[in-house]
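So that you can map any letter, position 279 of the sequence shown is 280 in the working numbering, and since no number is skipped, the others follow by simple counting.
Cβ atoms here follow ideal geometry from the backbone N, Cα and C, with glycine treated the same way.
Okay, structure first, notes after.
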Amino acid sequence: MHKVPAYYNKAILYKYVFLLVLLLFSGQNAFSQKISSLGIDARQGLRVTSVTLSDSSILYLSNPRPLFSFNIKGKYFTSADFAASHKEGVFSQNVNNSVSVKANFPGVASNGFSGEIIFENTGSDTVTLSNIVPFGEDMSSVYITGYGPSDLARARLFRPGFEPLRVILPDNAWELGYSSFEAGNSISLCALTRRRNTEGAEKKRYETTMPPGSKVRYSFNADIFRGGWQEGLRLMFRDRYLYDLEKFDNTLYERQDLAWIRESYIIILSMAWDREFYNRKTGKYTYADLLKKGMEYFGNIDVFGIWPTWPRLGLDRRNQWDMYKDLPGGLTQIGNFVKMTHPYGTKFFIAYNPWDKSTRSEDHLRGMASVIKEIEADGVVLDIMGNSSREIQAAADSVRKGVIMYSEGMAVVKDMPGIISGRVHNAIYYSPELNLNKLIKPDFSIFRVCDVGEDVNHREIAIAFFNGYGTELNMFRPGGRDENYIKDLEFLASTTFILRQNNNAFLDQNWTPLIETSADKVYVNRWRSGEKSIYTVLNMRSEGISGEVFKIPAVKGKHYVSLWNHENITPGFSSSTASIYVEATGWPASATGTRKEGSVDCIAEFPVLLRSQISGDSLIIKSPGAGRVIIWKGDPSYKTSSREFRAPADTAVSVTDIFGYYEGKIVIQLLENKRLKDENILTLKGGKPWLVSRSSETVRAVGIPSGMVLVPGAVFSYGVTTREDFIPYPALKRDSVRVDSFLIDKYPVTNAQYYEFIISSGYMPSDTSRYLRHWESGTFRQGQDRYPVVNLSYEDMQAYARWAGKRLPTEDEWQLAAQGTDGRKWPWGNEFHATNCNNAFGRPTPVDAFPKSQSPYGVIDLVGNVWQTTNDMYFNGTSYFTVIRGGSYFNPESSTWYIQGGPQPLDRTQIMLLVSPGFDRSETVGFRCVKDIDSRNFRVKR
């Protein structure tokens, strides 16, 4: 970074001269205070020492600044280095008897303080002049000037405490100088210098070659501002248009038929002889395949352009429009392509070569309009042009509305009113990290040219994303379509997805470049739309970045999400600020300085509109009810499975129903008019079971049927234990469970009852393996009519229950029926009595064999005889199981690895893993049923 020289020229023309130059103006400041005068001290060169404001207050600069600095033959000088004279409003200086400098400030200007600086070569040698910077290159200032080795893009933005950053400037302003600094009392001063004209000198991109006697004139414009340093940049670039325009004609930008280009981020330009457009070997167009591939990567290609002219044009007398007509199938076929692509959201461009003047004579614009009309083209690539014209746009408008002019170069400020889209040309091999053209006119549609045949384009895609604009895949050059190209496409698909979903933010007229970060070479831009803020992050550190990188005001009711990684961000809060975590990957050191470098993140600050949570495998989603909700199976992308719903206020969705069996990230997005409004990120983890069964209500009873007993409703709490938790159980402790009154079978379902069901219904399962295996010849053994029916699957039990007008009990219902509300350990009390139940007899017993086993509500045979199936079926992402209770007559004792049999206390639960109906049928598992009641009309017979 350049330092201001410490010495001053000792030749003092005015020993105690202090000049106040009144600089009255009507500025466009965002606050009422104006500059009234600048204090310019000419005792030691030219220095600015104070600023007088419109309320007569004076800001004395703690660090007086030179009025300007400059380089001659690469050597740095400032206006404070040389003695100055003042005559008739003009300051004059002589630089080493070789260059004279005159600074003229007439005083009154409409847009801030304005003046001019004229350099004249008064010596005998040719000199180079460059880097004219207002107020000098000071390490405490923010300033822009050329820096570093020769390059098309060597303009740098200098910020205190950070390495200089390369920036893109308009093509007629690469030589500009800019500077801003804090003047005091929360007021800052900014200024801009521009090369306006020369006499006898040679203009170059960043410097001027001055032979003896030649002159160069620079404009000098200054103003004051409040806020961060970016406000000064915004004032000079966006509000003052670099002083190239007094007023911006916004007519084209307000045309609704042209507005579609502002929502476009992918352009593919192809030559007619490209095999991906037409295969000469097969004699067939391959455009449909190209379109399909683009849809797979990007959802759709925003613009496809075909180029059949250069470098083929000129072989014969055919002009540029003849080349379109002579394509296979002619304009009719090309028109068919256009009609085919429009429904998929793809626009079609042709090209205009204004240099085509030696082939078949035809009015250029009439020829262009004719092709546009016949094929219904949507835009024109303007070869070798950085602008358009009223005549070109009018020619297109005369035959079709909505036709965009897309210049090869980037329009300079004075040409921006006449064209609304342009490019960052691939002549700039390494794109500078910050594009200040986006600051000048945020709704001008910019596309970075990525020359696929030239090199990898990862870095260029990252920078385009950081700056909030699109990408042109230029397929003109052969080659480059290898695995690196595929990686570029995948990376581009990810950046494009975010750009499209947040298009409203990336058109922010007040976007802020380079908010302060805690790490150098990690850059953050801020974009806003309503209550949403988007922060694009560009990392240029090869080791990557992971940690809190920038701070923003903490706002109640907001939450933070990485749209790149699709992770929730938990800020570090300190007083009124939130420190935002950023994670961007690194790359091998060998990739630094190549187009393989660079990584990104994107942080969104959203108002809390969506409230989503996982319950089992269900998503419980609460939304404001406007827009649409998209549920993504993993990180959102054009290749990720998703389901879309109109956004009801509240909804529950089963993940298994929409995505099948799945564990992993679930992203829920709320969109309105295609724009992202909020995002929730959840993770569905397997292992923990969730309830997948539903308890269907029965016909409500108004009395107690034979064989059933009433269990009064209650709110109660209970807890259960397990002997084995290798496979996690459902919640073992359940507080404040509410169960409505219901009826339950007094006994487990018996063989006789099930036989009646079969005879009546004709039921036969499709899988008969082990079905009623304990029966013989289709019926139960003699004398076992009152034994519990077993060897049934869950489905068999459900079938019986439906036939009987009943259902299986939930685990909560079974618990209440067996235990009541006093927390007893056994149905009859807290002490175990071996004579009250089947105590591991090794065989089943009749369901009414132990009348003393009844619960508080008169339910009998709850423990010891056979396990009793509940309705509750669970899934843990891997396996299904039901809950069985009560134990059985079978009790294997040779190992602790067995399921423990025998009578089980009421605080012990057991899961039964399910495979198939045949596998699941067991000789130790039975069931009983329940029935809902009509509580209003229910009567108990006395």
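Residue range 331 to 342 is occupied by the alpha helix (DSSP H) that includes Met-341.
The Cβ atoms of Glu-363 and Trp-322 sit closer than 8 Å to each other. Excluding five sequence positions before and after Tyr-279, the CB atoms of its chain that fall closer than 6 Å to its own CB belong to Tyr-286, given in chain order. The closest CA to that of Asp-618, considering only Met-140, Trp-356, Met-874, is found on Met-874. About 11 Å separates the Cβ atoms of Val-738 and Gly-714, ruling out a contact at the 8 Å cut-off.
Counted as a single uninterrupted DSSP element, the alpha helix (DSSP H) harbouring Arg-235 occupies residues 230 to 235.
Annotation: Val-91 to Leu-440 spans about 34 Å, alpha carbon to alpha carbon.
With respect to Leu-259, Leu-193 sits apart: the two C-beta atoms are not nearer than 8 Å.
It is roughly 23 Å from the alpha-carbon of Arg-449 to the alpha-carbon of Thr-586.
Judged by DSSP secondary structure, Met-324 falls within the alpha helix (DSSP H) whose first and last residues are 321 to 326.
The region 184 to 193 makes no contact with the region 459 to 468: fewer than 3 CB pairs, one atom from each, lie closer than 8 Å. Cβ contact annotation for Glu-606 (same chain, cutoff 6 Å, sequence separation greater than five): Ser-534, Lys-559, Tyr-561, in chain order. For the pair of segments examined, the region 371 to 390 was found to touch the region 316 to 334: the number of CB pairs separated by less than 8 Å reaches three. Counted as a single uninterrupted DSSP element, the alpha helix (DSSP H) harbouring Thr-496 occupies residues 484 to 502. Ser-794 is positioned such that its CB atom lies closer than 8 Å to that of Pro-918. Between Asn-840 and Asn-866, the C-beta spacing is not below 8 Å. With a cutoff of 8 Å on beta-carbon distance, Gly-410 and Gly-380 are scored as not near each other. CA-to-CA, the gap between Arg-782 and Trp-776 works out to about 6 Å.
Counting other Cβ atoms within 10 Å of its Cβ, Met-140 stays below 16 and is therefore classed as exposed. Apart from sequence neighbours up to five positions away, the residues of its chain that approach Thr-879 with a beta-carbon distance below 7 Å are Gly-687, ordered along the chain. Distance from the CA atom of Val-656 to the CA atom of Leu-620, rounded to whole angstroms, is 7 Å. Note on geometry: alpha-carbon atoms of Ser-70 and His-426 lie some 31 Å from one another.
With respect to the C-alpha of Gly-599, the residue from Phe-876, Glu-584, Ile-421, Phe-891 having the closest C-alpha is Glu-584.
For Cys-451, the CB contacts under 6 Å within the same chain, skipping 5 residues up- and downstream, are Asn-458, Glu-461, Thr-472, Leu-474 in chain order. Residue Gln-869 holds the alpha-carbon nearest to the alpha-carbon of Arg-929 among Gln-869, Asp-935, Arg-937. Residue burial is scored here from C-beta neighbours: Ile-302 has at least 16 other C-beta atoms within 10 angstroms and is therefore classed as buried.
The straight-line gap separating the alpha-carbon atoms of Thr-252 and Arg-44 is approximately 51 Å. Pro-810 and His-567 have their alpha carbons spaced roughly 42 Å apart.
Per DSSP, reduced to three states, the secondary structure at Val-867 is coil, with no helix or strand assignment. In this structure the region 216 to 236 lies against the region 121 to 139, because at least three pairs of beta carbons, one per stretch, are closer than 8 Å. DSSP, read as helix, strand or coil, puts Glu-297 in helix. Annotated three-state conformation of Asp-736 is strand, per DSSP.
Counting of Cβ neighbours within 10 angstroms places Val-168 among the buried residues, the total reaching 16 or more. Within the same chain, Gln-911 come within 7 Å of Ile-900 by CB-CB distance, once the 5 residues on both sides are set aside. Under the Cβ criterion (8 Å, minimum of three pairs), the region 739 to 757 counts as touching the region 848 to 862.
With 16 or more other Cβ atoms inside 10 Å of its own Cβ, Leu-744 counts as buried.
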